[in-house]
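Letter by letter, the sequence shown follows residues 1 to 128 of the UniProt record's numbering.
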Amino acid sequence: KEAAEALFKNLFFAEDRYDLSAVGRMKFNRRVGRKEDTGPGTLTKEDILAVIKTLIDIRNGIGMVDDIDHLGNRRVRSVGEMTENQFRVGLVRVERAVKERLSLVESENLMPQDLINAKPVSAAIKEF
1 KEAAEALFKN LFFAEDRYDL SAVGRMKFNR RVGRKEDTGP GTLTKEDILA
51 VIKTLIDIRN GIGMVDDIDH LGNRRVRSVG EMTENQFRVG LVRVERAVKE
101 RLSLVESENL MPQDLINAKP VSAAIKEF
């Protein structure tokens, strides 16, 4: 149970791992029938309940399923957004490497350049 809770928190409720963006929040709110267009960048418990209610309504014949092929349900991602995502992936790799090095090496006499390596960031951007 605790592992499932931790997984959901990391997947949908952690700001550093999940971001709906302003457009995503607006589309989400419209889809579940809310009047406001703004809200937090992560999902809330009320959001999960709204999704479940919407799914039950669709199952009971109220409302319609979205057409995934409709261009209104698609979004073109800009080059800057995709680059930002790759940069974020590289920074997560650097973070993991630094944590690993800190756990292996004694923290006395350590300099930042001994811990941080920029290669994961440049490799992630080159993958793009």
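Backbone N, C-alpha and C fix where the C-beta goes; we use that ideal spot for every residue, glycine too.
DSSP state of residue i mapped onto helix, strand, coil
i: residue 64; result: coil
i: residue 75; result: coil
i: residue 14; result: coil
i: residue 108; result: coil
i: residue 116; result: coil
i: residue 89; result: helix
i: residue 95; result: helix
i: residue 20; result: coil
i: residue 128; result: coil
7 angstroms CB neighbourhood of residue i in its chain, flanking five on each side removed
i: residue 67; result: 73
i: residue 10; result: 17
Distance, residue j Cα to residue i Cα
i: residue 23; j: residue 127; result: 27 angstroms
i: residue 53; j: residue 109; result: 57 angstroms
i: residue 105; j: residue 5; result: 32 angstroms
i: residue 35; j: residue 20; result: 17 angstroms
i: residue 71; j: residue 79; result: 19 angstroms
i: residue 69; j: residue 56; result: 23 angstroms
i: residue 123; j: residue 12; result: 27 angstroms
i: residue 47; j: residue 63; result: 18 angstroms
i: residue 37; j: residue 83; result: 27 angstroms
Cβ-based neighbour list, residue i, same chain, cut-off 8 angstroms, excluding 5 preceding and 5 following
i: residue 65; result: 58
i: residue 121; result: 87, 90, 91, 93 and 94
i: residue 129; result: The displayed coordinates of the chain run from 1 to 128. Any statement about residue 129 would go beyond what the structure contains.
Assumed close pair residue i, residue j - CB separation to whole angstroms, cut-off 8 angstroms
i: residue 116; j: residue 98; result: 6 angstroms
i: residue 25; j: residue 39; result: 5 angstroms
i: residue 51; j: residue 32; result: 7 angstroms
Could you name each continuous alpha helix (DSSP H) segment of 4 residues or more that falls completely within the region 23-62, going from the start of the chain to the end?
Within the region 23-62, the complete alpha helix (DSSP H) segments at least 4 residues long are 45-59, listed from N- to C-terminus.
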